[in-house]
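Quick notes on the structure that follows.
Numbering (the numbering used here), first residue to last: 230 to 343.
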């Protein structure tokens, strides 16, 4: 089971954490793991490339073997960057919810206040 947690601070998404494997199919053939992986890693790249967040200030940890990815926005971003990051992170959340609709036995989502 892939467990996804989205971190919020009041009205803003400030990060997410993904743990586990979907176990939908054999390693290398698991479309659910692949979908979550592409969605999450694209979101991470977009925070840097599209939103302009300095990669050295973006807090993230990746462990492909265990299926772990955690991304947290740095504090004190200007409002323009925050607004851009919300588009990326809300799109990530929308994508996760869409995957869960099709594969509810393989992915869970929890929203948490920080």
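Note that beta-carbon positions come from the ideal geometry of N, C-alpha and C, so glycine has one too.
Residues that residue i bridges to, as DSSP identifies them
i, result
"residue 337", "232"
"residue 289", "300"
"residue 245", "235 and 300"
Burial state of residue i, where buried means 16 or more other Cβ atoms lie within 10 Å
i, result
"residue 257", "exposed"
"residue 245", "buried"
"residue 335", "buried"
"residue 251", "buried"
"residue 231", "buried"
"residue 265", "buried"
Coil, strand or helix - residue i by DSSP
i, result
"residue 305", "coil"
"residue 284", "coil"
"residue 328", "helix"
"residue 312", "helix"
"residue 321", "helix"
Candidates the options: closest to residue i by CA position
i, options, result
"residue 279", "231, 314 and 243", "314"
"residue 234", "318, 330 and 275", "318"
"residue 298", "316, 285, 306 and 270", "270"
Using a Cβ distance threshold of 8 Å, determine whether the region 280-296 contacts the region 325-335, with at least three qualifying pairs required. no
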